[in-house]
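Engineer: Chains as they are written, first to last, in the working numbering: chain A, 1 to 178; chain B, 179 to 588.
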Amino acid sequence: MRQWLKDVWEGFFTVLVGMRITWRHLFTRSVTLQYPSVKWPLPPKSRMRLFMKFEDCIGCGQCVRACPVACISMKTEKRPADAPPIWAASGQPIKLHVSAFDIDMSLCCYCNLCTYPCPTFCIYMTPDYEFATSNLTEHLYRFAKQDAQFLLEDPKKKAAAEAPPAAPSNPPASPAGA
Amino acid sequence: MDATYAFLVGLVPEIAGWPAWAIVAISAGLPALILFHFMALTPLVYVYGERKIAAFMQDRLGPMRVGPYGVLQTIADAIKLLFKEAIFPRGVDRKLFVIAPLLVNVGAFLPFVVIPWGARLQPADLNVGVFYVSAISAISTVGLIMAGWASNNKYALFGAMRSAAQIVSYEIPSLLIILIPVLIVGSLSLQDLTLAQQGGLQSWFLFRYFPIMPVAFVCFFVAALAETNRAPFDIPEAESELVAGFHTEYSGFFFSLFFLAEYTEMFVVSAVTSVLFLGGYLAPHPALQQLGPLPMGWFWLWFKAWSLVFVMMWLRWTLPRSRVDQLMYIAWKVLLPIALVLVVLVGGLVLVPATANGFPWDRYVGWPLTLLLVGFLLVVMIRALQWNRRRERELPYPGGAAPAAGQVAR
Chain A
1 MRQWLKDVWE GFFTVLVGMR ITWRHLFTRS VTLQYPSVKW PLPPKSRMRL FMKFEDCIGC
61 GQCVRACPVA CISMKTEKRP ADAPPIWAAS GQPIKLHVSA FDIDMSLCCY CNLCTYPCPT
121 FCIYMTPDYE FATSNLTEHL YRFAKQDAQF LLEDPKKKAA AEAPPAAPSN PPASPAGA
Chain B
179 MDATYAFLVG LVPEIAGWPA WAIVAISAGL PALILFHFMA LTPLVYVYGE RKIAAFMQDR
239 LGPMRVGPYG VLQTIADAIK LLFKEAIFPR GVDRKLFVIA PLLVNVGAFL PFVVIPWGAR
299 LQPADLNVGV FYVSAISAIS TVGLIMAGWA SNNKYALFGA MRSAAQIVSY EIPSLLIILI
359 PVLIVGSLSL QDLTLAQQGG LQSWFLFRYF PIMPVAFVCF FVAALAETNR APFDIPEAES
419 ELVAGFHTEY SGFFFSLFFL AEYTEMFVVS AVTSVLFLGG YLAPHPALQQ LGPLPMGWFW
479 LWFKAWSLVF VMMWLRWTLP RSRVDQLMYI AWKVLLPIAL VLVVLVGGLV LVPATANGFP
539 WDRYVGWPLT LLLVGFLLVV MIRALQWNRR RERELPYPGG AAPAAGQVAR
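Given below as structure tokens:
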């Protein structure tokens, strides 16, 4: 009888304990994120979809050689001698015409190795991670353009010409070994 | 019907001069129409509320996409259910298969005939009210067994058998506990049972014979919960053991009828519980019974029933499903002895001619007990909020602060 009463009381009391816990959580802020309208901030240096700025590419092919999975394919040919000289935004003259620059994102392993050797910083990772498609071939991104607007003068010379002439006579003190 | 007739005549005196058939049609048909629509549409609200409560208890948001805060979600679901094909698998007994969900609904809807929403706002004031409710709601068991048998499916039959065993077992303690208010009042009519609790909160049956009636209330609530086949007593449709129990083979409209019946039963059981123990349509204080010219009885019954429905949902998302043997243990070895002892005790106490309100201390118990309960809930709530704040400090969101709604993080 005593054990029975104890059992009944324990059954009732433990239900109350459980109800207290759910009651607590009733007022807890939800952890759900309404995904398409609200997104988590991405961590710095997150590596998502590759992008290549065609106007800055000098066709050196270092990214193609760096890629461990060979997802970048590139075709270059010499620019004709009579073509106007063009420059990349970082100042390198563009000597080669890039006729095809394809990145197959279905092969890409997001290692970021292609972006380091690029002398003009024209290939880089973007924070766009929502590019799922129903067709695998749609992951082949073609970056070569026919109507690219190249820089027709050397940006370094232009910057030097536009810079204010009052250059400091004594450069800021810097450590000798820097 | 007489009560409705009196109510309607009170509203429009010309009705008294109408021919008899018109009077019968309007005083029986109007409440039936109103109640049917009320009960057919409230499950939409119930399902939305249940999904939201479940979500909040699990730190989720619940339906958010269809309409503002997802309020149209259940309407979309209902439309989808109604337009889905009703599949009749090969081998089902088609006649019984169709009749079963209707029969379950009959058991769920007919108790509304006697539920009093006000002194005159009651479809029919039967003198066997409580008995009628428990008798008619037992019909749904027949419907469940019929559904299980007609489905020609082992899981459906298991579910039906379990529900029969469960409902028949729990009828006994619940009927015994129904006897307690009936012993005090000396009438089975729900109207009389309600009116016997007049005089504010302290004269509700919940606070009579102080330690006895709260125990009876808890026991009755548990038994009622089991009779509606709700969690934690939902073994007839235990999806982890039987696929979906008695409604495994049902789809579309007939499946939605089972849903309708379940939620209607929840409301009926809560309404009956509040009539028996919480004063039915009576306000916690007589001054709140009338809001200007508007009688508030319907609101109080609705409010009490909904509070109990909320507790049912709360329990559902708190407790795991009980085993079959535990279920039977609770019915036969816990509720039944307690109910018997309480009936005997109250039967003796009723004979004591102490005061008009039973025990001398009864009138002093109600308010302090309510204040204690409300204070307890407030303290628990405040502590829950503090706990949440501490928890959020200690467990920051990954990636710094949580972005505000509408902000697109880049």
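All C-beta atoms, glycine included, are put in the ideal place defined by N, C-alpha and C.
#1: Contact between the stretch 136–156 of chain A and the stretch 111–121 of chain A: three or more CB pairs below 8 Å?
#2: Going by the DSSP bridge assignment, what does A/T76 pair with across the sheet?
#3: Please compile the residues from chain A whose C-beta is within a distance smaller than 7 Å of the C-beta of B/T496.
#4: Return the CA-CA distance between B/L513 and B/G364, expressed in angstroms with no decimal places.
#5: Along the chain, where does the alpha helix (DSSP H) that runs through B/F432 open and close?
#6: Quick check: the Cα distance between B/Q585 and A/V31, rounded to an integer number of angstroms?
#7: Could you tell me the alpha carbon to alpha carbon distance between B/F383 and B/L520, rounded to whole angstroms?
#8: Who are the near neighbours of B/M235 in its chain, counting only those whose CB is closer than 6 Å to its CB and skipping five residues on each side?
#9: May I ask you to list the residues that DSSP assigns as paired with A/R142?
#10: Quick one: what does DSSP say A/M125 is sitting in, helix, strand or coil?
#11: Which two residues bound the contiguous beta strand (DSSP E) that contains A/M52?
#12: Exposed or buried, what is A/M1 when buried is set at 16 or more other beta-carbons lying within 10 Å of its beta-carbon?
#13: Mind checking whether B/S318 and B/M506 have CB atoms under 8 Å apart?
#14: Between A/R20 and B/V558, what straight-line distance do the alpha-carbon atoms span, to the nearest angstrom?
#15: Per DSSP, what kind of secondary structure is A/K45 in: helix, strand or coil?
#16: Short of 7 Å in beta carbon distance, which residues of its chain neighbour A/P85, apart from the five on each side in sequence? Order them along the chain.
#17: Listed from N- to C-terminal order along the chain, which residues in the stretch 541–565 of chain B have their beta-carbon within a distance smaller than 7 Å of any beta-carbon of chain A?
#18: Using a C-beta cutoff of 8 Å, does A/S46 count as contacting chain B?
#19: Under 7 Å between beta-carbons, which chain B residues line up against A/F27? List them in chain order, please.
#20: Inspect the beta-carbon positions of B/L186 and B/I204 and report whether they are closer than 8 Å.
#21: Within 8 Å of any Cβ in chain B, is that where the Cβ of A/Q62 sits?
#22: Tell me whether B/P473 sits in a helix, a strand or coil according to DSSP, three-state version.
#23: When you compare the CB of A/K31 with every CB in chain B, is at least one pair closer than 8 Å?
#24: Going by CA-CA distance only, name the one from B/N407, B/G377, B/A439 that's closest to B/L456.
#25: Taking contact to mean at least 3 C-beta pairs separated by less than 8 Å, is the stretch 462–475 of chain B in contact with the stretch 425–437 of chain B?
#26: Give the straight-line distance between the Cα atoms of B/G188 and B/T182, rounded to the nearest whole angstrom.
#27: Going along chain B in order, which residues have a C-beta closer than 9 Å to the C-beta of A/V69?
#28: Within 10 angstroms of the Cβ of B/F554, are there 16 or more other Cβ atoms? Answer buried if so, exposed if not.
#29: Is any beta-carbon of chain B found at less than 8 Å from that of A/V8?
#30: Relative to the C-alpha of B/L366, which candidate in B/V308, B/G285, B/K273 has its C-alpha closest?
#31: What did DSSP end up calling B/I204 once you bin it into helix, strand or coil?
#32: List, in chain order, every chain B residue whose beta-carbon is nearer than 7 Å to that of A/V15.
Structural biologist: Let me spell this out:
#1: no
#2: A/V98
#3: G18, M19, T22
#4: 23 Å
#5: 430–455
#6: Note that B/Q585 scores a pLDDT of 48, beneath 50, so its modelled location is shaky and nothing firm can be said.
#7: 14 Å
#8: W495
#9: A/D102
#10: strand
#11: 50–52
#12: exposed
#13: no
#14: 8 Å
#15: coil
#16: P93
#17: V558, M559, A562, L563, W565
#18: no
#19: M559, A562, L563, N566
#20: yes
#21: no
#22: strand
#23: The sequence shown places Val at residue 31 of chain A, rather than the Lys named in the question. Cβ-Cβ to chain B under 8 Å: yes for A/V31.
#24: B/G377
#25: no
#26: 10 Å
#27: Within chain B, no residue comes near A/V69; the closest Cβ sits about 27 Å away, beyond 9 Å.
#28: exposed
#29: yes
#30: B/V308
#31: helix
#32: L497
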